[in-house]
Amino acid sequence: MARDSFHDLFRSALEDDGWIVTDDPLTFKIGKVHVQIDLGAERLIAAQKDQERIAVEIKTFVNVSFITALYEAIGKYVVYKNVLKLTDPNRKLYLAVPKSIHGRFFEEPVLKQVITEEEVNLVIYNEKLQNIDSWIK
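According to UniProt numbering, the residues represented by the sequence shown are 1 to 137, in order.
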């Protein structure tokens with residue numbers, strides 16, 4: 001599976017944010033279907049002495065038209081969310097989006113509706129500062 005151009009940048013930012021990458025990629029097999037989500041990670045929640053576990057699909061939205069990239073990203077997100085419900089229900093899925101793209105497109109009414117309706121969790125990364133900017137649940 002081809003990696004998005006910011007894959008390594010995002011992985012480093014995620015690790016700097018206190019996450020331990022456990023899978024790169026995170027793979028599942030359900031019947032005859034093989035699924036690869038870009039990253040699996042976890043971190044210790046000190047107050048609970050438990051681990052928070054996530055899966056992250058990284059998108060750049062730069063190589064094709066924004067709407068084409070959006071179709072692919074949301075389609076993958078919906079499939080991956082359902083795969084996790086079947087295989088790893090305690091792992092939370094996030095869509096990683098560059099800050100420049102989030103600021104430019106993700107405030108559009110139709111996109112806000114899709115994000116809300118599909119319950120898309122976002123992690124916004126600053127591709128210039130190479131860090132995690134925000135987590136939006």
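Here a beta-carbon is modelled for each residue, glycine too, at the ideal position from N, C-alpha and C.
Since the structure is predicted, the reported quantities are computational estimates derived from the model, not experimental observations.
> Excluding the five sequence neighbours on either side, which residues of its own chain have a C-beta within less than 6 Å of the C-beta of G18, listed in chain order?
Replying inline: R43
>> Let's see if you can read the secondary structure: which residues bound the alpha helix (DSSP H) around K99?
In response: 99-105
>> I need the straight-line Cα distance from E117 to V78, nearest angstrom please.
In response: 11 Å
> If you draw a straight line from the alpha carbon of H102 to that of D50, how long is it in whole angstroms?
Replying inline: 31 Å
> Do you know how far the Cα of F106 is from the Cα of L26?
Replying inline: If I take the Cα positions, the gap works out to 26 Å.
> Helix, strand or coil: which one does DSSP assign to F10?
Replying inline: helix
> In chain order, what residues of the same chain lie with their CB nearer than 7 Å to the CB of M1, ignoring the 5 residues before and after it?
Replying inline: Residue placement at M1 is flagged as unreliable, the pLDDT there being 49, under the threshold of 50; a coordinate-derived value is accordingly withheld.
>> Assuming contact is defined by CB atoms lying nearer than 8 Å, are S12 and Q113 in contact in what I supplied?
In response: no
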